[in-house]
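Enquirer: Shown below is the structure under consideration.
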Amino acid sequence: MDLFRLAAPFYDCLMKVAGHQKTIKRAVEQVRIKPDDVICDIGAGTGQLSRLLPAENKIIMVDSSVRMLKKARKKVANQSAEIVTSRAQNLSLEDNSCDLVFCIDALHHFERTGAALAEMKRIVRDRGAIVIMEFDPANRKTRIMQQLEELVGEPGCFYSPDKLAAFFKKFGCKTEVIELSSWQYVLLASDDLTGRRGIDGF
Ligand SMILES: C[S@@+](CC[C@H](N)C(=O)[O-])C[C@H]1O[C@@H](n2cnc3c(N)ncnc32)[C@H](O)[C@@H]1O
Numbered sequence: 281m282d283l284f285r286l287a288a289p290f291y292d293c294l295m296k297v298a299g300h301q302k303t304i305k306r307a308v309e310q311v312r313i314k315p316d317d318v319i320c321d322i323g324a325g326t327g328q329l330s331r332l333l334p335a336e337n338k339i340i341m342v343d344s345s346v347r348m349l350k351k352a353r354k355k356v357a358n359q360s361a362e363i364v365t366s367r368a369q370n371l372s373l374e375d376n377s378c379d380l381v382f383c384i385d386a387l388h389h390f391e392r393t394g395a396a397l398a399e400m401k402r403i404v405r406d407r408g409a410i411v412i413m414e415f416d417p418a419n420r421k422t423r424i425m426q427q428l429e430e431l432v433g434e435p436g437c438f439y440s441p442d443k444l445a446a447f448f449k450k451f452g453c454k455t456e457v458i459e460l461s462s463w464q465y466v467l468l469a470s471d472d473l474t475g476r477r478g479i480d481g482f
């Protein structure tokens, strides 16, 4: 089943009920965005994150679902935002082409998460940062979500913060985990996080 092809018309309503926008906002606040940053939003969906980003930044929205991206095009005010239909595990973007890479509530939907993480590292520039918002499988709510997603054919590959951090440490990155709630966290990864932490950090 192609979940997001079916869900695209209702996605924003469902997320409104779930309070998703607030979570996204808190995730974005964890990182400092500079005016000339090129920002890539992987698994951008209907553009719930991209619409919050500053209008002066170059934004690239990547998703495998044409239907989700169609909604994003209408919603994101920054008309110069680029829309790319591509799979996260095989991105059609140049090496070192982005300063910030966001992946919000999307990693566990990817078929080959290891390859997707390597792609994020490949496209991010030195002193840039990768920002991933995910759900901790140690929490019961995440496990229920995993079972429901698996029922509709989704991979449901949820990583603990430690396991996700270990991936990036292997790539030579420094990492930091910020708990957003008992089951939601943000992981920041970069070769150098200095000056990149947002309002809650240094
Ligand atoms: C739960 S939605 C999250 C969308 C958005 N980031 C948000 O927070 O509202 C997950 C998104 O990941 C996309 N997706 C799933 N597998 C993908 C893949 N292999 N490559 C790129 N995007 C993918 C889906 O099409 C969907 O839009």
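The sequence shown begins at 281 in our numbering and counts up by one. All C-beta atoms, glycine included, are put in the ideal place defined by N, C-alpha and C. Note that the structure is predicted; figures quoted are calculated from it, not measured.
As a quick exercise: from Phe451, Gly433, Lys449 and Ser462, pick the residue whose alpha carbon is nearest that of Phe415.
Expert: The shortest C-alpha separation from Phe415 is found at Ser462.
Enquirer: Which runs of the beta strand (DSSP E) fall wholly inside the stretch 375-403 and span at least 3 residues, in chain order?
Expert: Listed in chain order, they are 378-384.
Enquirer: Report yes if the C-beta distance between Gln369 and Ala352 is below 8 Å; otherwise report no.
Expert: No, the Cβ-Cβ distance between Gln369 and Ala352 is not below 8 Å.
Enquirer: Under the rule that 16 or more other beta-carbon atoms within 10 Å means buried, what is Phe438, buried or exposed?
Expert: It counts as buried.
Enquirer: Do you know whose CA, among Arg347, Asn376, Met341 and Thr365, lies nearest Asn359's CA?
Expert: Correcting the residue identity first, residue 359 is Gln in this sequence and not Asn. Checked all of Arg347, Asn376, Met341 and Thr365; the closest Cα to Gln359 is Met341.
Enquirer: Figure out for me which residue from Lys401, Ser440, His388 and Asn419 has the closest Cα to the Cα of Glu430.
Expert: Residue His388 is the option with its Cα nearest to Glu430.
Enquirer: What whole-angstrom Cβ distance do Val311 and Leu468 have, given they're in contact under 8 Å?
Expert: Confirmed, Cβ separation roughly 6 Å.
Enquirer: Closer than 5 Å from C-beta to any heavy atom of ligand 1: which residues, in chain order?
Expert: Ordered along the chain, the selected set is Phe284, Gly323, Gly325, Gln328, Asp343, Ser344, Ser345, Met348, Arg367, Ala368, Ile384, Asp385, Ala386, His389 and Phe390.
Enquirer: Sorted by chain position, which residues of the same chain lie with C-beta nearer than 7 Å to Leu455's C-beta, five sequence neighbours on each side aside?
Expert: Checking the displayed sequence, the identity of residue 455 turns out to be Thr instead of Leu. The answer, listed in chain order, is Ala445, Phe448, Lys449, Leu467, Leu468 and Ala469.
Enquirer: Give me the residue from Ser372, Met425 and Ile410 with the minimum Cα distance to Cys453.
Expert: Measuring from the Cα of Cys453, the nearest candidate turns out to be Ile410.
Enquirer: So who's on the other strand from Glu336, going by DSSP bridges?
Expert: Partner(s): none; Glu336 has no beta bridge.
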